[in-house]
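Written out below as structure tokens is the structure these notes cover.
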């Protein structure tokens with residue numbers, strides 16, 4: 016049944032192909048929009064100034080619009096003069112230079128998909144806003160809704176002044192006034208051409224905080240952050256982050272802001288994290304609001320990063336945008352790379368790199384190994400919203416990082432300057448980006464284009480051979496990439512391999528390649544672009560220990576036959592934080608391999624705990640780094656090491672690693688370290704305080720593995736005395752893991768019942784508790800009066816966290832988890848197809864499950880596909896999962 020339904024689904028939703036791209040036949044140089052806004056009834060009048068570039072009839076995108084009128088050059092058209100089929104408006108009589116006017120009606124309150132113009136919050140008190148990326152504008156009015164049609168916008172908003180006192184759109188303010196019957200109007204003009212996906216408006220009752228800003232080139236800008244009255248005081252940290260991001264972009268990339276006002280608005284109802292609309296960014300509250308009482312340390316860093324990311328889009332996405340959606344990583348991958356650089360400069364470079372690689376391995380490497388694998392630039396898609404993926408964002412950023420590594424800091428800056436200069440106001444391609452980088456430096460960057468078209472994570476196999484007599488060490492590298500859907504054969508890719516060689520006492524050795532006159536430092540990058548290649552290092556006195564792909568210089572996995580003690584040496588002695596973390600991750604993963612195979616005391620496990628015990632005793636080591644070193648890979652990452660995986664067995668094996676580590680460190684030593692780190696009532700946000708809290712929580716979690724009674728008492732005391740959300744939530748999560756904390760859970764639920772973001776933390780804390788009992792907890796959470804499928808954040812807090820982040824809880828052998836999620840996906844799909852599709856990616860690795868679970872997952876997927884008409888979003892994900 017599943018295969019037949021899959022074929023029918025594919026027939027109904029044909030793919031869009033990169034090879035079929037054609038420039039637009041019609042462009043619009045100026046757009047004048049007038050909105051008469053209301054919660055249940057909004058009218059949109061549009062005036063388009065048309066430019067004809069090809070001999071084709073005028074066709075405009077417009078989905079589900081109630082068409083009121085059409086006029087051409089001021090003359091109303093009869094029904095016979097145009098046609099509208101619910102998705103496309105065709106006006107055969109339009110000519111170059113004409114002006115087309117349309118009027119449509121919308122009901123924002125009925126728009127649960129949160130695309131186009133919709134209502135955020137209750138009918139009585141909520142506000143109106145838009146989300147147009149990727150193809151939401153066509154749900155507002157008629158327009159060529161594609162990124163390579165860029166227009167200058169004049170937007171007039173009219174509404175009841177009491178119900179909608181704040182009216183915002185993109186661009187510069189250009190007038191405001193009163194209207195009869197208690198209404199008012201405002202107008203915004205954007206001098207910069209932009210595609211439809213960057214259009215935005217907001218209307219409602221909002222408060223603001225304001226700060227003046229002067230750009231490096233002397234422009235005075237007013238910065239406004241808007242939120243509802245109960246949330247506005249949590250926006251101050253975001254304002255500080257915005258100013259830091261603007262200054263950093265001026266220094267690092269020479270990019271200045273280009274309007275007189277920059278508005279940012281927070282909403283609880285948003286499918287994405289945030290959106291970079293020109294001059295009017297819209298943020299999910301989870302990515303903008305922050306306070307010590309309601310936000311964890313990690314959330315403060317996330318707010319800083321996302322605020323920067325959306326601001327950086329002003330150039331890498333807005334001033335220079337994508338020619339088509341196949342080039343999505345041109346703006347997203349590049350901007351994620353810029354965001355990573357900013358966050359590293361604001362915080363800790365080694366810890367930021369560890370964090371980024373951990374996300375890459377957990378989210379993107381697993382995506383690359385499953386049925387949803389796709390290139391950074393796909394050759395086709397059926398539903399563009401499903402390609403806002405870890406591959407496009409995270410792997411896309413890693414490709415830019417490789418390119419920056421190839422050119423060096425000065426060369427990369429020269430390249431990006433040329434890229435912005437050449438393409439300002441244009442819709443560009445990835446080829447344009449690589450061409451600018453190369454032309455600015457006299458380097459051919461086209462070989463890197465292969466990375467954008469090839470799916471899958473390359474596997475770098477390395478072998479070393481030491482010749483005592485010649486004092487030569489030969490390093491042989493081989494790269495392979497496994498087949499992925501639609502790509503059975505792979506080609507070698509250019510791969511910068513950063514490396515160092517270590518002596519047995521932990522010293523880094525000078526590096527001199529054969530043929531060189533002298534050593535070039537003790538760390539270097541070698542360019543590897545063949546299937547197999549050897550590199551010979553000279554003047555090596557004894558067999559070295561190589562440290563390869565340092566900093567993850569290429570997004571690949573590494574296979575080297577390290578002995579456990581060699582990895583332990585790198586973990587203990589490598590001064591580079593990322594490299595020692597990477598060695599520890601590989602060492603603990605080797606221990607996991609042995610444990611899952613039945614060896615409960617393998618050499619790798621002993622080497623891992625011995626090395627960590629030595630680091631634990633070193634109180635000079637940064638606490639946040641030590642916390643990451645004490646944490647083995649997560650269950651999702653460990654599952655990738657197995658051809659067939661049993662999530663319950665993986666959970667047990669990983670717990671064995673943690674119990675062994677905790678036992679080796681000792682309960683008394685853990686409790687003593689906890690006491691030294693604990694600061695009741697602490698509210699400080701400096702790096703040292705955050706590091707202490709991170710290590711304290713890791714130590715408490717380890718203690719809970721071997722001394723539940725003592726850990727319970729400490730966690731209860733920590734919860735009661737908590738002066739910050741990091742301590743409060745960490746204590747609650749520990750208590751829930753210990754199957755205790757009923758009183759603390761009830762207190763948390765009651766204390767934050769009126770704060771949606773914090774209540775989401777309570778939902779997620781329960782959804783993360785591992786084991787088969789998780790299903791009953793999820794059923795209880797779904798029945799909670801505060802749970803709703805209408806809010807994306809609440810959906811993700813329960814179903815997303817459970818299905819995507821709790822493998823032993825979701826992947827029950829009886830298939831009950833799959834059946835429950837499938838039922839919820841159907842209900843979600845009827846309301847919000849985008850979010851349903853994203854949650855459904857939890858099924859991505861089902862083919863790697865052991866046979867019983869694999870069959871249960873297949874049954875759930877096939878039944879879901881056969882249950883009736885699915886949205887294009889969800890149907891596309893399920894179809895690709897089943898393929």
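Numbering (the numbering used here), first residue to last: 16 to 898. The beta-carbon is built from N, C-alpha and C at its ideal position, and this holds for glycine as well. Keep in mind that this is a model prediction, so the values were computed, not measured.
beta-carbon residue i near the ligand ADP non-hydrogen atom, thresh 6 Å
{"i": "residue 765", "result": "Of the ligands one can find in the structure shown there are none, so the ligand ADP has no counterpart to examine."}
Rounded straight-line distance, which links the Cα of residue j to that of residue i
{"i": "residue 223", "j": "residue 141", "result": "16 Å"}
{"i": "residue 514", "j": "residue 426", "result": "21 Å"}
{"i": "residue 745", "j": "residue 712", "result": "6 Å"}
{"i": "residue 891", "j": "residue 119", "result": "30 Å"}
{"i": "residue 393", "j": "residue 379", "result": "15 Å"}
{"i": "residue 834", "j": "residue 764", "result": "28 Å"}
{"i": "residue 618", "j": "residue 478", "result": "21 Å"}
{"i": "residue 320", "j": "residue 349", "result": "14 Å"}
{"i": "residue 542", "j": "residue 511", "result": "5 Å"}
{"i": "residue 551", "j": "residue 364", "result": "31 Å"}
{"i": "residue 836", "j": "residue 879", "result": "10 Å"}
{"i": "residue 16", "j": "residue 665", "result": "Legend: pLDDT at residue 16 = 35, less than 50; position of this residue unreliable, no value from coordinates given."}
{"i": "residue 327", "j": "residue 318", "result": "14 Å"}
{"i": "residue 31", "j": "residue 540", "result": "39 Å"}
{"i": "residue 71", "j": "residue 99", "result": "17 Å"}
{"i": "residue 696", "j": "residue 257", "result": "28 Å"}
{"i": "residue 374", "j": "residue 347", "result": "16 Å"}
{"i": "residue 33", "j": "residue 500", "result": "17 Å"}
{"i": "residue 110", "j": "residue 165", "result": "19 Å"}
Proximity below 7 Å, CB of residue i to CB of residue j
{"i": "residue 470", "j": "residue 502", "result": "yes"}
{"i": "residue 707", "j": "residue 685", "result": "no"}
{"i": "residue 843", "j": "residue 797", "result": "no"}
{"i": "residue 587", "j": "residue 632", "result": "no"}
{"i": "residue 163", "j": "residue 450", "result": "no"}
{"i": "residue 786", "j": "residue 760", "result": "no"}
{"i": "residue 117", "j": "residue 61", "result": "yes"}
{"i": "residue 252", "j": "residue 238", "result": "no"}
{"i": "residue 77", "j": "residue 104", "result": "yes"}
{"i": "residue 810", "j": "residue 309", "result": "no"}
{"i": "residue 851", "j": "residue 889", "result": "yes"}
{"i": "residue 289", "j": "residue 302", "result": "yes"}
For residue i, the nearest candidate out of the options (CA to CA)
{"i": "residue 680", "options": "749, 720 and 656", "result": "720"}
{"i": "residue 4", "options": "96, 234, 115 and 116", "result": "Outside the displayed range of the chain (16 to 898) lies residue 4, so it cannot be described from this structure."}
{"i": "residue 468", "options": "342, 592 and 37", "result": "342"}
{"i": "residue 840", "options": "866, 830, 876 and 867", "result": "876"}
{"i": "residue 94", "options": "366, 84 and 887", "result": "84"}
{"i": "residue 377", "options": "795, 410 and 397", "result": "410"}
{"i": "residue 533", "options": "265, 517 and 553", "result": "553"}
{"i": "residue 203", "options": "264, 161 and 274", "result": "274"}
{"i": "residue 497", "options": "788, 388, 528 and 769", "result": "388"}
{"i": "residue 492", "options": "776, 476, 122 and 585", "result": "476"}
{"i": "residue 561", "options": "395, 597, 570 and 663", "result": "597"}
{"i": "residue 312", "options": "584, 568 and 709", "result": "709"}
{"i": "residue 748", "options": "358, 825, 608 and 716", "result": "716"}
{"i": "residue 12", "options": "654, 112, 483 and 154", "result": "What is shown of the chain runs 16 to 898, which leaves residue 12 out entirely."}
{"i": "residue 351", "options": "385, 750, 517 and 405", "result": "405"}
{"i": "residue 672", "options": "546, 428 and 647", "result": "647"}
Contact belief for residue i with residue j at Cβ below 8 Å, rounded distance in angstroms
{"i": "residue 678", "j": "residue 738", "result": "The pair is not a contact, with the Cβ atoms about 32 Å apart (cut-off 8 Å)."}
{"i": "residue 5", "j": "residue 245", "result": "No answer is possible for residue 5: the residues shown for the chain start at 16 and end at 898."}
{"i": "residue 249", "j": "residue 306", "result": "5 Å"}
{"i": "residue 627", "j": "residue 644", "result": "6 Å"}
{"i": "residue 157", "j": "residue 52", "result": "At roughly 18 Å, the Cβ-Cβ gap does not stay under 8 Å, so residue 157 and residue 52 are not in contact."}
{"i": "residue 832", "j": "residue 874", "result": "Actually they do not touch by this definition, with Cβ atoms about 12 Å apart."}
{"i": "residue 430", "j": "residue 414", "result": "Going by Cβ atoms, the distance from residue 430 to residue 414 rounds to 14 Å, so no, they are not a contact pair."}
Notebook entry, point to check: Do three or more CB pairs link the stretch 849-856 to the stretch 812-832 at distances below 8 Å?
Noted result: yes
Notebook entry, point to check: Does the stretch 593-602 come close enough to the stretch 546-558 that 3 or more CB-CB pairs lie under 8 Å?
Noted result: no
Notebook entry, point to check: For the stretch 142-150 against the stretch 865-876, are there 3 or more C-beta pairs whose distance is under 8 Å?
Noted result: no
Margin query: Three Cβ pairs or more, each shorter than 8 Å: is that satisfied between the stretch 278-297 and the stretch 205-223?
Written below: yes
Note to self: Under 8 Å, with one C-beta from each stretch per pair, do the stretch 609-617 and the stretch 330-338 reach the 3-pair mark?
What the structure shows: no
Check: Does the stretch 584-598 come close enough to the stretch 355-369 to have 3 or more Cβ pairs within less than 8 Å?
Finding: yes
Next item on the list: Decide yes or no for the touch test of the stretch 449-466 against the stretch 512-531: beta carbon pairs closer than 8 Å, at least 3 of them.
Entry: no
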